[in-house]
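Chains as they are written, first to last, in the numbering used here: chain A, 7 to 376; chain B, 7 to 376.
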């Protein structure tokens, strides 16, 4: 590898952003996943006094050890097979791994992704099956205003054919961007794999930007409903018309699903219940509505569940036992039981993580539009 | 803004990657571009002993100053209007700006982007004009092997119509990824704007991953040609068949262009000259071939320039006077003059930067396919 690195270093030396003395030294490979599912993380940081690893497979941060040449390293695990976010903490500052191209798109923090493969190929790993595309688009927002981003997945064969498809609106969480379900959730890879295994039907997946530029109120407060309503207006008033005019979408309620993670779950529940004439499939991944919000905005369903139960093909709730929203999610579940609103629930281990978000996505993709 | 931040912080506290004591404090806004084109950069780093700003608009790194609460800040400028890469250096480690969503995709470093607008709207800024899409695809590589990524821009109206389009293959540089021309070069935004101003013809733009997994030899060495040849084989043998089967491409040499920045420029020159039957438009942005490589691989053109001159609609070279490759690029230009090979040259200020790469893209987009 020596000659390769020398050439690369030569060009990087001049093409890089500014100058960091000694920064473009030997190329670091990080993370390295070993066959026993241990993982070695490495960072070149000759001037740092403390480097830690923070990761969703760790309870507590783990110290990296400084070796010669200012290269810090730690090996952890074995780790349960999954795709995990992690970051380094350099003298107290959370940073992504410079050697890792797989980034966590987010408004407020920088993190990287490490894929620890299991014995069987994972659904989030690219396999040699027919593959869809993810398109970066923009649309003109009538509600929030301005030009806003949206990602649209089209299934394998979309460009070659004339078929119309059901549409799944998939919303990410607080501080996430429209890219997070794509890059961290790997929604496109998962559905490519599930379609090839005939476990999901081919569909269009729309990933909007969930930030309504009004901030994110605590989901336990009535203010959360205002933000949810802004999202519902945006989705129905601007995103859906864009999608249904540009893509071969089936514009029928039984061919539309909406679900999301965290804030996106609250937005999906609110949007679905508000526009029950437009959505027949609703999913909440690690989220909930408060009984108060439900009563205030959807009181008619609480009083007369029959029409809701007849119209909804699926109302699905998933949450992890260690989720900081677990108690509220269970309370919402019990509220729906009490009101005799038909739904399915899944309680898993784990917390408010993208590993769980992906798990719930995989579960529900096998239900939607069937 | 207070209540917004509190809610966001609440969710982030649990949803974030691991725990960084005090890290999720008050939300930082960085960078802030002022009306006088000064820019303030801010980083929360209470445990750091040194924070610097490294940026392509600075000759030397600039120190940030620690204020209360461990928040470091510096204001620089006025800066000439453009879109610039920058990063922080925290105790010697180059990191992207945690508060900035606009990232520089790269294999080996993490940087962020700051857009300093001028008096007129810049071509790289999203404007309210018809907009194309950028699709993330994969294809099966017969040459390098495996499943490889490629980004494909389709122009406004592509999905609604049946028109076929010329195709421009656009290659990024060493350590860049297939995303770099999209996210840093803003190629899609630039061409949307140029099309709307009738300064460029609607076209498909294909952005492949230029890393041939064989490293990047110094472009002055004969080994560089082997890497260029691997790229040419990959592009013609795997990328082009994928693009021309999935997209409404015009499969004629006069409707194919190829250009690239840095390593991608060398790859484009080599691929274009090797497959003169397939490409009529060739661009080199901050790159060159050595006379030795040209003589060895394309000696017939050096001896008989007429056929090359007749077939090529454009051979275009651009380089900045401060580019570390300037001398070699000028030598290549002089070699072409000596061999009477028709070409156009543009020498600008500036160095081996994405500001220049974007400049050369804008120049040549107004020439291709006309």
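Ideal Cβ positions, reconstructed from N, Cα and C, are used throughout, including at glycine.
Are the C-beta atoms of residue 115/A and some chain B residue less than 8 Å apart? Residue 115/A sits at position 109 when you count from the first residue of the first chain. Yes, its Cβ sits closer than 8 Å to a Cβ of chain B.
Is DSSP giving residue 278/B helix, strand or coil here? Residue mapping note: residue 278/B aligns to position 272 of the second chain, counting from 1. Helix at residue 278/B.
Per DSSP, the bridge partner or partners of residue 188/A: In the first chain, counting from the first residue as 1, residue 188/A sits at position 182. None, per the DSSP bridge assignment.
Inter-stretch contact (C-beta, 8 Å, three-pair minimum) for the stretch 135–149 of chain A and the stretch 111–126 of chain A: no
Nearest-angstrom Cα distance between residue 348/A and residue 321/A? Working through the first chain from its first residue, we reach residue 348/A at position 342. Working through the first chain from its first residue, we reach residue 321/A at position 315. When rounded, the distance between both Cα atoms is 7 Å.
Distance, Cα to Cα, residue 341/A vs residue 243/A? Position 335 of the first chain, counting from 1, holds the residue named residue 341/A. Position 237 of the first chain, counting from 1, holds the residue named residue 243/A. Taking the straight line joining both Cα atoms gives about 30 Å.
Within 10 angstroms of its Cβ, does residue 62/B collect 16 or more other Cβ (buried), or is it exposed? Here the question's residue 62/B lines up with position 56 in the second chain. Burial call: buried.
Length of the line joining the Cα atoms of residue 285/B and residue 199/A: Sequence index remark: in the second chain, residue 285/B carries index 279 (1-based). Sequence index remark: in the first chain, residue 199/A carries index 193 (1-based). Spanning the two alpha carbons is a distance of roughly 36 Å.
Over what stretch of residues does the beta strand (DSSP E) that includes residue 288/A continue unbroken? Counting from one through the first chain, the residue named residue 288/A turns up at place 282. Note, residue 288/A: beta strand (DSSP E), 287–291.
Interfacial residues, the stretch 286–314 of chain B to chain A, with Cβ spacing under 8 Å: none
Compile a chain-ordered list of the residues in the stretch 182–203 of chain B whose CB is closer than 7 Å to at least one CB of chain A. 183
Could you tell me whether the stretch 159–172 of chain B touches the stretch 200–214 of chain B, where touching means 3 or more Cβ pairs closer than 8 Å? yes
Anything in chain A within Cβ reach of residue 142/B, meaning under 7 Å, just list it in chain order. Along the second chain, read from residue 1 onward, the residue named residue 142/B stands at position 136. The contacting residues are 139, 140.
Any idea if residue 185/B is buried or exposed, counting beta-carbon neighbours within 10 angstroms, 16 or more meaning buried? As a working mapping, residue 185/B is identified with position 179 in the second chain. Flag for residue 185/B reads buried.
Excluding sequence positions up to five away, which residues of its chain have a Cβ less than 7 Å from the Cβ of residue 356/A? As a first step, residue 356/A is located in the first chain; it is residue number 350 there, counting from the start. Cβ neighbours of residue 356/A beyond the five flanking positions: 326, 328, 362.
For residue 153/B, return the contacting residues in chain A, with the cut-off set at a CB-CB distance below 7 Å. Taking the first residue of the second chain as position 1, residue 153/B is located at position 147. Within chain A, the residues near residue 153/B are 132, 134.
Ignore the nearest five residues each way along the sequence and tell me which others in residue 238/B's own chain have a CB closer than 8 Å to its CB. In the second chain, counting from the first residue as 1, residue 238/B sits at position 232. So the list reads 273, 276, 277, 280, 281, once near-sequence residues are dropped.
Bridge partners - residue 60/B, DSSP secondary structure assignment: Along the second chain, one-based indexing puts residue 60/B at 54. Answer is 93/B.
Could you work out which residue in 222/B, 153/B, 159/B, 33/B is closest to residue 195/A when comparing CA atoms only? For the purposes of this step, residue 195/A is taken as residue 189 along the first chain, with counting starting at 1. Minimum Cα distance to residue 195/A is reached at 153/B.
Does the beta carbon of residue 364/B sit closer than 8 Å to a beta carbon anywhere in chain E? No chain E appears in this structure, whose protein chains are A and B.
Residue 82/B vs residue 45/B beta-carbon contact at 8 Å: Mapped onto the second chain, residue 82/B falls at position 76. Mapped onto the second chain, residue 45/B falls at position 39. The answer is yes: Cβ separation under 8 Å.
If the cut is a Cβ gap below 7 Å, which residues of chain B does residue 54/A touch? Looking up residue 54/A in the first chain gives position 48. Within chain B, the residues near residue 54/A are 97, 98, 99.
Could you work out which residue in 373/A, 55/A, 214/A is closest to residue 71/A when comparing CA atoms only? Your numbering for residue 71/A matches position 65 in the first chain. Ranking 373/A, 55/A, 214/A by Cα distance to residue 71/A puts 55/A first.
Bridge-paired residues (DSSP) for residue 262/A: Here residue 262/A is taken as the residue at index 256 of the first chain, counted from 1. Answer by DSSP bridge pairing, in chain order: 173/A.
Using the C-alpha atoms, what's the distance from residue 254/A back to residue 423/A? Past the boundaries of the shown model lies residue 423/A; chain A is included only from 7 to 376, so the question cannot be answered.
Counting C-beta neighbours from all protein chains within 10 Å, is the total for residue 178/A 16 or more, i.e. buried, or is it exposed? Here residue 178/A refers to the residue found at position 172 when the first chain is read from its first residue. Buried is the call here.
Mind checking which residues open and close the alpha helix (DSSP H) that includes residue 368/B? In the second chain, the residue the question calls residue 368/B occupies position 362. From DSSP, the alpha helix (DSSP H) with residue 368/B extends over 360–371.
Chain A partners of residue 33/B, CB-CB under 8 Å? In the second chain, residue 33/B corresponds to position 27, counting from 1. Result: 114.
How is the alpha helix (DSSP H) around residue 147/B delimited, first residue to last? For the purposes of this step, residue 147/B is identified with residue 141 of the second chain, where counting begins at 1. Taken as a continuous stretch (DSSP letters only), residue 147/B belongs to no alpha helix (DSSP H), as it is neither H nor E.
At least one CB of chain B closer than 8 Å to the CB of residue 361/A: is that the case? On the first chain, residue 361/A is found 355 positions in, with the first residue counted as 1. For residue 361/A, the answer is no, since every Cβ of chain B falls outside 8 Å of its Cβ.
Beta-carbon proximity list for residue 339/B, same chain, < 7 Å, skipping 5 on both sides: By one-based count along the second chain, residue 339/B stands at place 333. Here the set comprises 323, 351.
Closer than 8 Å by beta-carbon distance: list the chain A residues that pair up with residue 213/B, in chain order. As a first step, residue 213/B is located in the second chain; it is residue number 207 there, counting from the start. Correct list: empty, because the minimum Cβ distance to chain A is about 12 Å.
At 8 Å on the CB atoms, spell out the chain B contacts of residue 107/A, in chain order. As a working mapping, residue 107/A is identified with position 101 in the first chain. Here the neighbours are 111, 112, 113, 183.
Member of 302/B, 291/B, 331/B, 229/B whose CA lies at the smallest distance from the CA of residue 371/B: Translated into positions along the second chain, residue 371/B becomes position 365. Minimum Cα distance to residue 371/B is reached at 291/B.
Rounded C-beta distance between residue 331/A and residue 191/A? I'm assuming under 8 Å. Along the first chain, one-based indexing puts residue 331/A at 325. Along the first chain, one-based indexing puts residue 191/A at 185. Not a contact, Cβ separation roughly 18 Å.
Assuming residue 64/A and residue 57/A form a contact by the criterion Cβ under 8 Å, report the distance between their Cβ atoms to the nearest whole angstrom. Along the first chain, read from residue 1 onward, the residue named residue 64/A stands at position 58. Along the first chain, read from residue 1 onward, the residue named residue 57/A stands at position 51. Incorrect: roughly 14 Å between the Cβ atoms, too far for contact.
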